[in-house]
Each structure stands twice: as structure tokens, then as C-alpha cells.
């Protein structure tokens, strides 16, 4: 398998403007990296935020390529990753042209997941970012709850069965958080989401699913009935600026509210006064070196064993109009659908 000198890509050339179809050179592969022929790329909210707002200061580095969950086949032949190996990976954000909306990209071989034989590339393109975001919230001691990874030495003495977590939202991140909490053996997993996702969340391992459209007092009462007064862990995957609902779940100091965003809530003072520790983050694998190695090994095992379920998604073609429309729909949050761009046949 070899690569051509040029390729098709969807470029972001101006913040706030649609992606445009372009022909660009294939990135040169540095030592310690591999070239991947992309076959499918999952779109996440960070992608429309990059396009529309220049998330993370990327406006200073145009043009860039978005697309944060990438599946494909390895082109570069290495001992650990022979040519043709099917993998899923994240962009390297130090390289502005490393996103998934192009035919070829460069990846770090130590931060890829092998796609199991039973999984399609389009399914795998849901795994590059959202599962790790969920993992940071659950398992990272600095930015998340600090629950031990199930494959860590600390897990041998940790009481997973008595641990209680609340996960707010029916997002893809929430669905992967419920699955990983269940696989870790966490005893009480309360999910709060719209009815259209409740059945999925229950099938992923949620022990209680609450309709988020209920009166906030009713939601809080159901959470308290299930978790008691000593709940410590709440993960808000919506990352709402006004987390009054999440605040109502805590009845003792020392709780953790984790938000899947680096932007803090408006009522930080009120949360702190109640003894709640608020954490936020953006989950790029390269930014969590102490967590990513152990977690990648754990997640690869779960994938190989068929333990990870892929949330529903819709495939769109690798065309500028279709991809821009999908990003617009993600921004509006109209359908709750996850979109995957089919880059090439696998």
C-alpha cells in the first residue's frame, strides 16, 4: 500500500465559513509516526466549534483540517503496525493538517486502537475521542473523579460496587461513560437524558435512567432516592453554564462535578461554597500521558472482546456541502444524531 503525492481534503480556510474542498500534499511522515489511509471520520462538537469559533486558538494557524475521530488503514509498514492494519486514532493537534477530513494523515502508533474484525470502519470512527473523554471524567485523578482504572494496582482494593456516579446527557460521551462505568464494576450508575436515549443507556449498564424533561425537583428526588446523601461524582456531558440541577444532587461537601469542557460554570462561587469541586477539560490523548497508556491497553481489550457498543450514527459522503450540513446539525443539536463521514472504501 502506497500513498500519492497529493490528496483531497476539506479545508477550513476562514473561521466562521464553510469547509472547502481542496487538493493538498500528503503529509510527510516523521520518525516514530505512521501514515494512515483514512476510510471514515466521526464528527464531534469540537469540529463545528473549530470551524465556527477557532476553538483553542486554531484561528492563528489556518488553514486547518478538522475531524477528530478517524478510522483507516496503516500505510507505513512497522513491526508493531504492519501495513494494512485497521486502526482508529485522534489527530495530532500540534500538526494543523492532521484532522480526519482528508484521505491520508499521520498518527502516533502508541495512541491508536486496533479495529476488531467484527467492527466496520464507520463504526470504529466513533471511538477516537468520545470514549477517552468519558475515561478522563471517570478515571483521571486531576481532571476527573480519580476512580482507579480496572487494570491498575489500585483497583485491587477499590470498592467499585459501592461507588455511585451520575451522568447527565444522552450524548455520545455519556453513552461511553455509562459503558465504561459498567465495565469497571461501578455499582450505581444514574443516567439523566431524554426518553429517546433511555433504552440505549439502560442497555449500556445504567442502573437507573431518569427523564431529563421532568421537573428538576423530581429529578433531584429520584437521584437522592437512588444515591442517598453521600453522592460524590457527577459528570455533566452537556457542560451547561448553569449547573443548578447538578448542584442539587450534592448533600455533603467533597463532591466532584466534572464538565466535558474547559469553560467553567457561571455559579462557580455557589458550587465552591457548597464544597463541590468543579473540574473541566478537553480530552486529547496526547495531553494525558499518565492515563492514556494504561487506558489504551484497557480499551483495546474491551474492543477485542466485543464489550464496547457503538451508539447510533448516520453516514454522510466526503463532500463539502454534506459535511458542512452535518456540522450545522451538530451545532443545532436538532436530532442528537452522530455523523460519520465516509472518506474511502475499506
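Residue numbers (the UniProt record's numbering): 1 to 346.
Cβ coordinates follow ideal geometry from the N, Cα and C atoms, glycine included.
Would residue i and residue j qualify as a contact pair, given that the criterion is a beta-carbon distance under 8 angstroms?
i, j, result
"residue 171", "residue 237", "yes"
"residue 341", "residue 101", "yes"
"residue 77", "residue 83", "yes"
"residue 255", "residue 126", "no"
"residue 320", "residue 37", "no"
"residue 178", "residue 189", "yes"
"residue 216", "residue 257", "no"
"residue 35", "residue 75", "yes"
"residue 44", "residue 11", "no"
"residue 109", "residue 80", "yes"
"residue 235", "residue 276", "no"
Taking the C-alpha atoms as reference points, what is the distance between residue i and residue j?
i, j, result
"residue 6", "residue 98", "14 angstroms"
"residue 30", "residue 107", "10 angstroms"
"residue 326", "residue 165", "32 angstroms"
"residue 318", "residue 330", "17 angstroms"
"residue 117", "residue 175", "22 angstroms"
"residue 161", "residue 62", "48 angstroms"
"residue 142", "residue 204", "26 angstroms"
"residue 59", "residue 260", "22 angstroms"
"residue 104", "residue 153", "39 angstroms"
"residue 121", "residue 86", "8 angstroms"
"residue 243", "residue 155", "31 angstroms"
"residue 19", "residue 25", "17 angstroms"
"residue 113", "residue 136", "17 angstroms"
"residue 345", "residue 210", "40 angstroms"
"residue 295", "residue 280", "19 angstroms"
What I want to know is whether the C-beta of residue i ends up closer than 7 angstroms to one or more non-hydrogen atoms of the ligand MN.
i, result
"residue 326", "With respect to the ligand MN, the structure shown offers nothing to examine, as it has no ligands at all."
Spell out the partners DSSP gives residue i in its beta bridges.
i, result
"residue 8", "23"
"residue 86", "73"
"residue 42", "69, 340"
"residue 114", "87"
"residue 107", "34"
"residue 236", "168, 259"
Exposed or buried, what is residue i when buried is set at 16 or more other beta-carbons lying within 10 Å of its beta-carbon?
i, result
"residue 287", "exposed"
"residue 333", "exposed"
"residue 314", "exposed"
"residue 337", "exposed"
"residue 229", "exposed"
"residue 225", "exposed"
"residue 292", "buried"
"residue 23", "exposed"
"residue 301", "exposed"
Task: Contact the segment 172 to 185 vs the segment 136 to 150: 3+ CB pairs below 8 angstroms - done: yes
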